[in-house]
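In the UniProt record's numbering, the protein residues as written are 1 to 225. The beta-carbon is built from N, C-alpha and C at its ideal position, and this holds for glycine as well. Here the structure is a predicted model, which means the values were calculated and not measured.
This is the structure in structure tokens:
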């Protein structure tokens, strides 16, 4: 490990999807305890950016690094990706799903990040779905599935959270709880990059607005997934 403050640095990123250049020469840096809110029109590349940071989409050019993180692990191996898909196995129970993700995703231990490991049962209770622990995940509502997906971020500590429309399918009470969880993550020295169309009341927010040079050339990003 490196003893320095955490900083996520993206330099001159160029991303191509489906034979189309989404954007190029995009650079930003984000220091620990800060959230980067990515905004822009539908299809502009917000999801592609998050998926690239998560290592799910290859870079056409540019570099991504996490200063102050574990030097023997890639930046995406020190990040959680919370996307549109809930990544839930319907036949497994809620608790089995969460235990799988806890065992699958290795924790990232950094000197300047104080995120703690919570037990699956405690996380489910905290998110208000403890009563579903032994039900097949197929029985969950859309909001409950979303909270189960969110719980993956809390059972395995990783300093970088990549969140695509994180409040989707959540009711107002769950939205407020999510914002509290996100602010707690920032307070522990974590970093958040999130794409959203709604206002998020977070501490230490920076904004990255993506804009096409020629909006007429933009195809719906969903067609590229």
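Out of 34, 67, 9 and 25, the CA that lies nearest to the CA of residue 183 is found in 34. Using a Cβ distance threshold of 9 Å, residue 140 and residue 166 do not count as a contacting pair. If you draw a straight line from the Cα of residue 114 to the Cα of residue 124, it is about 21 Å long.
Considering only 157, 26 and 209, the residue with the shortest C-alpha distance to residue 189 is 157. By DSSP's assignment, residue 23 forms a beta bridge with 15. By the 16-neighbour rule on beta-carbons within 10 angstroms, residue 171 is exposed. Separation of residue 52 and residue 59 (C-alpha to C-alpha, rounded to the nearest whole angstrom) is 7 Å. DSSP places residue 82 in the uninterrupted beta strand (DSSP E) bounded by 79–82. In this structure, residue 199 lies away from residue 30, with their beta-carbon atoms at least 9 Å apart. For residue 111, the closest alpha carbon among the candidates 92, 70, 148 and 122 is that of 70. Ranked by how close their Cα comes to the Cα of residue 97, the residues 133, 12 and 55 have 133 in first place. Assignment of residue 160 by DSSP, reduced to helix, strand and coil, places it in the strand class. Residues of the same chain with a CB within less than 7 Å of the CB of residue 12, apart from the 5 flanking positions on each side, are 25, 27, 61 and 62 in chain order. According to the DSSP secondary-structure assignment, residue 194 is paired through a beta bridge with 37 and 163. Per DSSP, residue 51 is not a residue of any beta strand (DSSP E); the alpha helix (DSSP H) it occupies stretches across 46–53. Under a 10 Å Cβ-count criterion, residue 197 is classified as exposed, with fewer than 16 other Cβ atoms of the shown protein chains found around its own Cβ. Taking all protein chains shown into account, residue 142 has fewer than 16 neighbouring C-beta atoms within 10 Å of its C-beta and is therefore exposed.
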